[in-house]
Every structure is written in structure tokens, then in C-alpha cells.
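Numbering (this note's numbering), first residue to last: 3 to 139.
Listed below in C-alpha cells is the structure:
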């Protein structure tokens with residue numbers, strides 16, 4: 003249920019809207035943003051380390067038999083099924099993303115949609131008064 007809410011509230015608007023999210027803070031250079039983001043990512047990784055979890059169970063794919071006949075003789079070959087392991091995910095990935103978001107907000111960054119360059123919403127250069135870093139969340 004939690005992943006459905008995340009999809010509905012975060013990913014679906016991005017997919018339908020065709021826009022990415024960015025972080026903005028006045029008078030911030032690209033280098034400053036990258037340092038702040040790195041610090042936030044380090045903090046998040048410390049609080050929510052990678053925890054690999056298996057989803058479901060593995061299964062054996064079915065075997066296949068291929069038969070052909072020539073001059074009244076049947077020739078069959080069998081290919082055994084292969085093992086398909088369970089899907090593995092990082093159980094803490096969503097919590098790390100939320101922690102980074104919270105940390106950046108505590109440093110004064112504001113999350114805003116980026117629809118690409120335009121006169122009304124240009125992506126500013128790192129030397130401008132405001133730098134907007136685009137990140138896909």
C-alpha cells in the first residue's frame with residue numbers, strides 16, 4: 003500500500019506531467035549544492051544503510067523439448083529449466099530518499115518542477131544568482 007501511495011503521489015505526476023523535480027536555493031552555486039547534497043546523502047546512508055530484501059521466492063522455469071522427424075525417425079532434445087531467483091530490493095531506499103529531501107529542505111532548498119528551459123523558467127547557469135539542480139526523485 004505504501005508503494006502505491008508513493009507511486010500515486012510522486013511518480014505518477016512526474017510521468018504524466020513530463021517534468022523533473024529540481025532543488026533551488028537563491029545565491030547557491032552548483033558546487034555548493036553538490037556539497038550540500040553529498041552531506042545529506044552521507045547522513046541518509048548512515049541512518050538508513052542498504053538492506054537487501056528478497057521479494058517472493060525463486061522458481062524453476064519450465065524445461066523445453068524440441069522434436070523433429072526425418073525419414074521416419076524422431077529426434078528430441080530437452081533443455082532443462084533454469085532457476086529464477088527472487089527479486090532483490092533495497093528495503094531502505096525510500097527512507098534514504100526521504101531523508102535526503104528533508105535534509106536539503108532543512109538547508110533552505112526548495113523542491114520545484116522543472117519543465118525544461120523557457121523564458122519564464124530558465125535553467126540558470128551555476129554562475130547566476132540562483133542555481134536550479136535537476137534531480138529525478
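Just so it is clear, CB atoms sit at the ideal spot from N, CA and C, and this is done for glycine as well.
Mind the definition here: the region 38-49 touches the region 93-109 only if three or more C-beta pairs lie below 8 Å; say whether that holds.
In short, these stretches touch, since the Cβ pair count reaches three.
Classify residue 71 as helix, strand or coil using the three-state DSSP reduction.
Here residue 71 sits in strand by DSSP.
Can you say whether residue 35 is buried or exposed, counting buried as having 16 or more other CB atoms within 10 angstroms of its CB?
By the neighbour-count rule (16 or more Cβ atoms within 10 Å), residue 35 is buried.
Tell me whether residue 22 sits in a helix, a strand or coil according to DSSP, three-state version.
Here residue 22 sits in strand by DSSP.
Neighbour-count burial assignment, residue 111, 16 or more Cβ in a 10 Å radius:
Residue 111 is buried by the Cβ-count criterion.
Alpha carbon to alpha carbon, how far is residue 64 from residue 58?
The C-alpha of residue 64 lies about 18 Å from the C-alpha of residue 58.
Straight-line gap, residue 116 to residue 101 (C-alpha atoms, nearest Å):
Taking the straight line joining both Cα atoms gives about 21 Å.
In the DSSP output, which residue or residues are listed as bridge partners for residue 114?
Beta-bridge pairing links residue 114 to 24.
Can you look up residue 80 in the DSSP assignment and give me helix, strand or coil?
Residue 80: strand per DSSP, three-state reduction.
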